[in-house]
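Below is one structure, written out as structure tokens; the observations come after it.
Protein chains: 2
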Amino acid sequence: MVKHMLKHHAEAADGVFHALADANRRAIVDHLTRGPATVSELARLLGVTVAATVQHLRVLQASELVRSEKAGRVRTCQIDPSGLRRAEEWLRLRRTTWERRLDRLGDVLGESADERRSPPTNTTEETRS
Amino acid sequence: MVKHMLKHHAEAADGVFHALADANRRAIVDHLTRGPATVSELARLLGVTVAATVQHLRVLQASELVRSEKAGRVRTCQIDPSGLRRAEEWLRLRRTTWERRLDRLGDVLGESADERRSPPTNTTEETRS
Numbered sequence: 001m002v003k004h005m006l007k008h009h010a011e012a013a014d015g016v017f018h019a020l021a022d023a024n025r026r027a028i029v030d031h032l033t034r035g036p037a038t039v040s041e042l043a044r045l046l047g048v049t050v051a052a053t054v055q056h057l058r059v060l061q062a063s064e065l066v067r068s069e070k071a072g073r074v075r076t077c078q079i080d081p082s083g084l085r086r087a088e089e090w091l092r093l094r095r096t097t098w099e100r101r102l103d104r105l106g107d108v109l110g111e112s113a114d115e116r117r118s119p120p121t122n123t124t125e126e127t128r129s
Numbered sequence: 001m002v003k004h005m006l007k008h009h010a011e012a013a014d015g016v017f018h019a020l021a022d023a024n025r026r027a028i029v030d031h032l033t034r035g036p037a038t039v040s041e042l043a044r045l046l047g048v049t050v051a052a053t054v055q056h057l058r059v060l061q062a063s064e065l066v067r068s069e070k071a072g073r074v075r076t077c078q079i080d081p082s083g084l085r086r087a088e089e090w091l092r093l094r095r096t097t098w099e100r101r102l103d104r105l106g107d108v109l110g111e112s113a114d115e116r117r118s119p120p121t122n123t124t125e126e127t128r129s
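So this is what it looks like as structure tokens:
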């Protein structure tokens, strides 16, 4: 069940990590969290051409990190929270799977330590008699 | 303040997204969340050479997603939660910054709608008189 969920999320989060592996694309996401921006504003922010910015935006849109709308000749971009949530969920699921395993391990080690501390019942009886 | 925090996290999460952009490296992380494994076990899992696996592990270790220990000739790998947490935090901070902005926008739009719905005070007085 967990294995199936992990597999599903692995595929779904695929493009998001690729998209965020690039510093310019992370800068676009950073900027848009504070409000929408046009393509030319983003190009100015990055100090790259509009064509290069459009390429980055395509990657971000493909992994649902950004969405955009054209009104007349101006394209305005804004955050699409789906991609952020999907990547967050991918990481959270793995971190909690790992933490639960560690908790179970801690419980087992705790039980063995208790067994070592308290002497077996028959030893106690021998001491008493 | 938020801008500074965003910048700090952008740099810190840098390598983690690059590391997770690769399907084989994500498969290693997936596998290790369920327990430690040796390098040869991971190589078998991926169906690649030990040398290629070692390369992937270097990238994962550099971004604190995996740690490893050598005992004799066997290197055992396990999850390092630091990298997972850092990437999760990077995403969460951006998502919540965006959500807070949306909430504030909703409040402002709600207020304007209220103003439109309730007629101005002097109009009410005129109706009464």
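Chains as they are written, first to last, in UniProt numbering: chain A, 1 to 129; chain B, 1 to 129.
Positions of the beta carbon are idealized from the N, C-alpha and C atoms, including for glycine.
Being a predicted model, the structure only gives us computed values, none of them experimental.
| Item | Value |
| --- | --- |
| Measure from the C-beta of Val48 (chain B) to each C-beta in chain A and report whether the shortest distance is under 8 angstroms. | no |
| Run the CB neighbour count on Asp30 (chain B), radius 10 Å, all protein chains shown included, and call it buried at 16 or more, exposed below. | buried |
| Can you give me the Cβ contacts of Arg95 (chain A) inside the same chain, cut-off strictly under 8 angstroms, excluding the 5 residues immediately before and after it? | none |
| For Ile79 (chain A), which residues in chain B fall below 7 angstroms Cβ to Cβ? | Trp98 |
| So if I threshold CB-CB distances at 7 angstroms, which residues from the stretch 26-60 of chain A count as touching chain B? | Arg26, Val29, Asp30, Thr33, Arg34, Gly35 |
| For Glu99 (chain B), which option in A:Asp107, A:Trp90, A:Glu89, A:Pro81 has the closest C-alpha, if you only look at C-alpha atoms? | A:Pro81 |
| Quick one: is the Cβ of Gln55 (chain B) within less than 7 angstroms of any heavy atom of the ligand ATP? | This structure simply doesn't include the ligand ATP, nor any ligand for that matter. |
| By DSSP's criteria, Gln78 (chain B) is part of a beta bridge. Which residues make up the other side? | B:Arg67 |
| At a Cβ threshold of 8 angstroms, is Ala62 (chain B) touching chain A? | no |
| Drop a sphere of 10 angstroms on the beta-carbon of Glu69 (chain B), count the other beta-carbons inside from all chains shown, and report buried for 16 or more, exposed for fewer. | exposed |
| Cβ of Leu109 (chain A) less than 8 angstroms from any chain B Cβ? | no |
| Please confirm if Arg94 (chain B) has its CB atom under 8 angstroms from at least one CB of chain A. | yes |
| What does the Cβ neighbour count give for Gly83 (chain B), buried or exposed, with the cut at 16 atoms within 10 Å? | buried |
| For Arg128 (chain A), count neighbouring C-beta atoms within 10 Å of its own C-beta (all shown protein chains included) and say buried if the count is 16 or more, exposed if not. | Since pLDDT at Arg128 (chain A) reaches only 44, below the 50 mark, its modelled position is unreliable, and the value read off the structure follows with that caveat. Under this definition Arg128 (chain A) is an exposed residue. |
| Does the stretch 29-48 of chain B come close enough to the stretch 58-69 of chain B that 3 or more CB-CB pairs lie under 8 angstroms? | yes |
| Chain A partners of Glu88 (chain B), CB-CB under 8 angstroms? | Glu88, Leu91, Arg92, Arg95 |
| Would you report the Cα separation of Thr123 (chain A) and Arg116 (chain A), rounded to the nearest angstrom? | Bear in mind that the predicted position of Thr123 (chain A) carries a pLDDT of just 45, short of 50, making it too unreliable to give a figure here. |
| Counting C-beta neighbours from all protein chains within 10 Å, is the total for Ala58 (chain B) 16 or more, i.e. buried, or is it exposed? | First, the amino acid is wrong: residue 58 (chain B) is Arg here, not Ala. Burial call: exposed. |
| Who are Ala62 (chain A)'s beta bridge partners in DSSP? | Ala62 (chain A) is not bridged to any residue. |
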